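Enquirer: Residue numbers (the UniProt record's numbering): 1 to 275. This structure is in structure tokens; I'll ask about it shortly.
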Amino acid sequence: MKNSIFLLFLVALNARESVSIYCGIHAQDVYKADGPDPDEHFKKCCMTSQYDIRNQTCCNHELYNGANLTCCNRKVYDPQTETCCHKTIHPGTGHQCCGSDVFDPSKFTCCSGNLLFGVNLSCCGANFYNPQRQTCCLDVIYDEAGMECCGRFVYQESESTCCLNSWVTAGSGLSCCGSLGYDNRTQTCCINRVANGASLNCCGNAGYDSATHICCKKTIFKGANLNCCNGVPFNPQSHTCCQRLIHTGAGLACCGLRTFDPHTQICVRGRVRPK
């Protein structure tokens, strides 16, 4: 049994060394008794035909005489002497494509398949513009140079601020609050709304000073050192909140809906009892 396996290994090894290419619908490895083909690496398949890439080219499943050729639609061309532009072959090299035509980039500018004489131009969508005198923003041309884009609008960065690429606010170096610019030294941003005043707290989209006001459930109330009880402010120095209800008396504990004095009373199963 071991001898049979060893013989099969030798046959397989010899087969791998002498493989040659075979092209066709029923393609399979063909082994030669006279050793490997020295030109095997230059041979490829073009449908059912075998060819040598050193003297032929396969294009669109057809063979053409000549090496180093390239396909252009259903034809072959020599890229060293010709140029292919959108399925059309043109004589000469060193040109660029503009649609199906070729052009000299040192003399012309191409935009969306259209040619215009001039090399200091750029494309703004399908139109031409001069960046030395104009600015293009989202395919819209403005007759101002050196501007920045904010969506479809232009602005001077030294004078304005762009937020969310959609809105321009007067003033440079501003922070963004949604689409609006604001000065964080004198203003506060609360959920895309600007409030006048620095270092404010936010109550929903409104700003407030916690030293003079309190926020309960997104509503601002006037008063300092207060707490909230079910959206209503109360003074913990004089009242106690239990189960969303405000009770008179400070420092009390809760026993269900009732309050009690933890110094003299205890709560047992929802009932207040003396200690």
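Where is the CB? At the ideal position from N, CA and C, for every residue including glycine. Model, not experiment: these values are computed from the prediction.
(1) Would a C-beta distance cut-off of 8 Å place H239 and G249 closer than the cut-off?
(2) How should T81 be labelled, buried or exposed, when 16 other C-beta atoms within 10 angstroms of its C-beta is the threshold for buried?
(3) Report yes if the CB atom of K44 is closer than 8 Å to the CB atom of C58, and no otherwise.
(4) Helix, strand or coil, according to DSSP, for H41 in the structure here?
(5) Please report the straight-line C-alpha distance between N227 and N205, rounded to a whole angstrom.
(6) Determine the direct distance from the alpha carbon of Q132 to that of A198, and round the result to whole angstroms.
(7) Classify Q96 as helix, strand or coil using the three-state DSSP reduction.
(8) Since R271 sits in a beta bridge, which residues does DSSP pair it with?
(9) Within this structure, are the beta carbons of L180 and T188 separated by less than 8 Å?
(10) Grab me the residues of C84's own chain with a C-beta within less than 6 Å of its C-beta, minus the 5 sequence neighbours each way, in chain order.
(11) Could you pull the DSSP bridge partners for C71 from this structure?
(12) What residue from C202, S166, I89, Y64 has the CA that sits closest to C46's CA?
(13) Which residues in the same chain have their Cβ closer than 6 Å to the Cβ of G256, if we skip the five residues on either side of it in sequence?
(14) Taking just the CA atoms, how far does H86 sit from G113?
(15) Excluding sequence positions up to five away, which residues of its chain have a Cβ less than 7 Å from the Cβ of R152?
(16) Counting only the same chain and skipping the five closest in sequence on each side, list residues whose C-beta sits under 7 Å from that of F234.
(17) If contacts are defined as beta-carbon pairs under 8 Å, then A224 and T212 qualify, I think. What distance do you get, rounded to the angstrom?
(18) Quick check on P91: does DSSP put it in helix, strand or coil?
(19) If you draw a straight line from the C-alpha of L121 to the C-alpha of N165, how long is it?
Expert: In this structure, then:
(1) Taking 8 Å as the Cβ cut-off, H239 and G249 qualify as a contacting pair.
(2) By the neighbour-count definition (other C-beta atoms within 10 Å, threshold 16), T81 is an exposed residue.
(3) Cβ atoms of K44 and C58: closer than 8 Å.
(4) Three-state DSSP puts H41 in a helix.
(5) Distance between the alpha carbons of N227 and N205 is about 20 Å.
(6) Approximately 42 Å between the Cα atoms of the pair.
(7) Note: Q96 maps to strand in three-state DSSP.
(8) Paired residues: V268.
(9) No; because the gap between Cβ atoms is not below 8 Å, this pair is not in contact.
(10) Correct list, in chain order: C72, Y77.
(11) Under DSSP, C71 shares a beta bridge with V76.
(12) Checking every option, the nearest Cα to that of C46 belongs to Y64.
(13) Around G256: G270.
(14) In this structure, the straight-line span from the alpha carbon of G113 to that of H86 is close to 11 Å.
(15) Hits under 7 Å: C137, L138, V140.
(16) Cβ contact annotation for F234 (same chain, cutoff 7 Å, sequence separation greater than five): L226, N227, C241, I246, in chain order.
(17) With 8 Å as the limit, A224 and T212 qualify as a contact, their Cβ atoms being about 6 Å apart.
(18) DSSP places P91 in strand when its eight states are reduced to three.
(19) If you take the alpha carbons of L121 and N165, they lie about 25 Å apart.
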